[in-house]
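S.K.:
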Amino acid sequence: MSKNYGSRAERRAQETARQSTSLEDEKNVMVSETPAMKENSQPLANESLLNRAVRERLGEEKDHYSWVSYGVIFVMGFILSLTFYSFPLINTMATAVPSQYLYSGFAMTHGLTPYNDFFGSGGALFYFINWIGNLAGNSILLYVFELIALVASGILAYRLVVHQTLSNDAGVVVSAFTMATAAGLARGGVAPTLLAFPFALWAVKFLDVYFQEDRKDGTFVLFGMAGAVVLTISPVMFIFFLVSSLALLIFNVSQLRIGRGIYQGLCMVFGLLLVGYAVAYYALDQQTIYTSLEQSIFIPVTHFGLRGDVLLTLAQSLVLLLVFGIVTGFVLGVFQVRVANTSRVWYVLLLIGAVVVSVMAVMAPTFDSSNFLAVLPFLMIFQGKSMAKAVEEKKNLWLTYLQNKLFAPIMVVIFVFAAPFIFAALNHSTFTSEKAVVQYIKDNTSSKDSVYVLSADKNINRLSKRTSKIDTVPEYYPTKFKQTYDLNIATAQNKWIVIQSSYPIPNSLSATLKANYQSIGSGKGEFTIYKKK
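According to UniProt numbering, the sequence shown is numbered sequentially starting from 1.
Here's what the structure looks like:
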């Protein structure tokens, strides 16, 4: 890659400056100016040249944007979204974590509160979106939100790459595989990181323009607002904004832009507060301000550690890092750091941040592949730049991208469409038993009855449309939550309790079952149903 590629706008400004200087020399032969006049006019001339270069750059970008490409991106996004659990025509059985996210929206429409009546790992805004997405009585609106997030991510990736390469084809290539990666890692679509992803991608281009071509400091209000939205949807993805803010601080200090840096910081804080106060008002109304912060940020951050089958978790993580191009994206970034100019500090911190977030995803208390999607914003800046040489040499861009990623994107596309069938086959016995229990509950209870299910997922509650104000405490939660659970289960008023045979039964629940419930048998496969006496 050309060493000067990253500063194309700078080269154009320099070329324009040379031409302008030549014209000025000719004019100076005919018209004499005083030294004071020259000194006062030079800063204005430089500013005019820079603005002219930026305007020319924006004009060239617009020439390469294509409405046809936008249409192609939407169609590809729609096809990928057919694998989402929230797509009402398919309604496949979800695995553990996605089923909990799906259940949360349904539970909220029936009066339950996140963090209080059931545990949550997403931000407050994520659950608000989930609630809106289920107001129609099904998940159709939630599917629309997820589709918008996926397509918006594709469009933003497209515009980022066109900005870097001035190539429409390169933008479409990167956009297509970015959406496939997002759909694959989000696994079923219902994930906080997917809904937060487009805001992070917008921030990537925002900062790329700032480091390469500069922009008005007042626009950092928007950067702060985007960061606040991400924080209140997916806290783990907010790390990208923290790392980028640190890069801005170092850059401004190194360039002696102290005043500008302070003003930018104030703008970011103002934008953060604009969104933060709005979400805080909603959380205050729901009485979840502290519990939302505790469960979405404090507990995950303070309870890292591999649990369960450690080797399986490490193997899954390694496969995801390789197949979804995170490792190759990191390597591409390492090569580009060496040729970076004004953005070198940012690039280095992005690579460090990618490693940190990857480790956090592996070490998370509950393994969730969607957490790896939070790594992508750290590496997106390198995707278009890695194709710059191929654009200049007019090579096959699809082949170039696949070679850069060691042909892993092909496996990503296969994974996205094969995953629902693979998980259905691997969990066939459990899903079959759950469907039998769901039908039994529907036949023997009313919608007002409460059903507590002790299981690895929330499929039975979700599909039977029965809620419970008692939720199973994650094993890594502090003791106080388990004590509250013991008190609640001792006075449980649930008409039915369903227990998965492979799930460990807490002592408090065993005592309650003996005292207040009777078993009606375990003829529903892996589950035993208890009815209140």
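Yeah, the Cβ is synthetic: ideal placement off N, Cα and C, and Gly gets one too.
Just so you know, these numbers come straight off a predicted model, no measurement behind them.
Can you tell me the Cα-Cα spacing of A388 and A107, whole angstroms?
M.R.: Straight-line Cα distance between these residues: approximately 49 Å.
S.K.: If you run the structure through DSSP and keep just helix, strand and coil, what is F407?
M.R.: In this structure, F407 counts as coil in the three-state DSSP scheme.
S.K.: Closer than 7 Å by C-beta to F223: which residues in its own chain qualify, once you throw out the five before and the five after it? Chain order, please.
M.R.: Same-chain partners within the cutoff: A203, F206, M268 and G271.
S.K.: Name the two residues that bound the continuous beta strand (DSSP E) containing L454.
M.R.: Counting along the chain, the beta strand (DSSP E) containing L454 begins and ends at V451 to L454.
S.K.: Just curious, the alpha helix (DSSP H) that T113 is in, first and last residue?
M.R.: Run containing T113: none; DSSP gives neither H nor E here.
S.K.: For D449, collect the residues of the same chain with a Cβ closer than 6 Å to its Cβ; drop the 5 residues on either side in sequence, then sort them by chain order.
M.R.: Taken in chain order, the residues that qualify are K495.
S.K.: One question on the structure: do V345 and A247 come within less than 7 Å of each other, judged by their Cβ atoms?
M.R.: Contact flag set, yes.
S.K.: Along the chain, where does the beta strand (DSSP E) that runs through S244 open and close?
M.R.: Taken as a continuous stretch (DSSP letters only), S244 belongs to no beta strand (DSSP E), being part of the alpha helix (DSSP H) at I239 to S254.
S.K.: Could you name the residues of the same chain whose beta carbon sits closer than 6 Å to that of L351, not counting the 5 residues immediately before and after it, in chain order?
M.R.: If we look at L351 and ignore the five residues flanking it on each side, its Cβ neighbours are G333.
S.K.: Buried or exposed for I422, going by 16 or more other Cβ atoms inside 10 Å?
M.R.: With fewer than 16 Cβ atoms within 10 Å of its Cβ, I422 is classed as exposed.
S.K.: Tell me the DSSP bridge mates of F118?
M.R.: According to DSSP, which records beta bridges pairwise, F118 is partnered with P114.
S.K.: Measuring only the C-alpha atoms, how far is M179 from Y282?
M.R.: The straight-line gap from Cα to Cα measures roughly 31 Å.
S.K.: If you draw a straight line from the C-alpha of V253 to the C-alpha of I262, how long is it?
M.R.: Rounded to the nearest angstrom, the two C-alpha atoms are 10 Å apart.
S.K.: Take F177 and list the residues in its own chain whose beta-carbon comes closer than 6 Å to its own, dropping the five residues that flank it on each side.
M.R.: Contacts found: P409.
S.K.: At 4 residues or longer, what runs of the alpha helix (DSSP H) sit wholly inside the segment 427-485?
M.R.: Qualifying alpha helix (DSSP H) stretches, in chain order: 428-444 and 459-464.
S.K.: Run through the DSSP bridge pairs and tell me what T528 is partnered with.
M.R.: In the DSSP output, where bridge partners are listed per residue, T528 has I499.
S.K.: Among V229, T467, G521 and I299, which has the Cα closest to the Cα of Y277?
M.R.: For the residues V229, T467, G521 and I299, the minimum Cα distance to Y277 belongs to V229.
S.K.: When the Cα of G325 is compared with those of A390, V413 and G521, which residue comes out closest?
M.R.: The option with the nearest alpha carbon to G325 is V413.
S.K.: Three or more C-beta pairs closer than 8 Å, one from the segment 453-461 and one from the segment 428-442: is that the case here?
M.R.: At 8 Å Cβ cutoff, the stretches touch.
S.K.: Cutting at 6 Å between CB atoms, please list the residues of its own chain near L125, excluding the five before and the five after it.
M.R.: T232, I233 and V279, listed in sequence order.
S.K.: For the beta strand (DSSP E) containing Q336, name the first residue and the last one.
M.R.: No beta strand (DSSP E) holds Q336; the alpha helix (DSSP H) holding it covers I326 to V337.
S.K.: Return the first residue and the last residue of the alpha helix (DSSP H) that Q493 is part of.
M.R.: Premise fails: Q493 is in no alpha helix (DSSP H) and is neither H nor E.
S.K.: What first and last residue would you give for the beta strand (DSSP E) that runs through Y517?
M.R.: Here the beta strand (DSSP E) through Y517 covers Y517 to S519.
S.K.: Can you tell me which of the three DSSP states T95 falls into?
M.R.: Here T95 sits in coil by DSSP.
S.K.: Taking CB distances under 7 Å as the criterion, tell me whether S254 reaches chain B.
M.R.: In the structure shown, chain B cannot be found, because there is only a single protein chain.
S.K.: Please determine, among P198, Q264 and G184, the residue with the shortest C-alpha to C-alpha distance to T219.
M.R.: Among P198, Q264 and G184, the Cα nearest to that of T219 belongs to Q264.
S.K.: For D208, which three-state DSSP category applies?
M.R.: Correct three-state label for D208: helix.
S.K.: When the Cα atoms are used, what is the spatial distance from A236 to A515?
M.R.: This sequence places Val at residue 236; Ala is not what is there. C-alpha separation (whole angstroms): 43 Å.
S.K.: Under the three-state reduction of DSSP, which class applies to N341: helix, strand or coil?
M.R.: DSSP places N341 in coil when its eight states are reduced to three.
S.K.: Among I155, A136, L397 and L82, which residue has its Cα nearest to the Cα of V190?
M.R.: It is L82 whose Cα lies nearest to the Cα of V190.
S.K.: Please give the ranges of any alpha helix (DSSP H) in the segment 254-296, keeping only runs that are unbroken, at least 4 residues long and fully inside the region.
M.R.: Listed in chain order, they are 258-286 and 289-293.
S.K.: Alpha carbon to alpha carbon, what distance is there between L402 and Y503?
M.R.: The straight-line gap from Cα to Cα measures roughly 43 Å.
S.K.: So, at 7 Å on beta carbons, what are the nonlocal neighbours of L406 in its own chain, with the 5 sequence-adjacent residues on each side left out?
M.R.: Contacts found: T328.
S.K.: For residue 547, which residues from the same chain have a beta carbon less than 7 Å from its beta carbon, with the 5 sequence-adjacent residues on both sides left out?
M.R.: Outside the displayed span of the chain (1 to 533) sits residue 547, for which this structure offers no information.
S.K.: Tell me whether I422 sits in a helix, a strand or coil according to DSSP, three-state version.
M.R.: Of the three classes helix, strand and coil, the one that applies to I422 here is helix, per DSSP.
S.K.: Buried or exposed: E526, going by 16 or more other Cβ atoms within 10 Å of its Cβ?
M.R.: Answer is buried; the Cβ neighbour count reaches 16.
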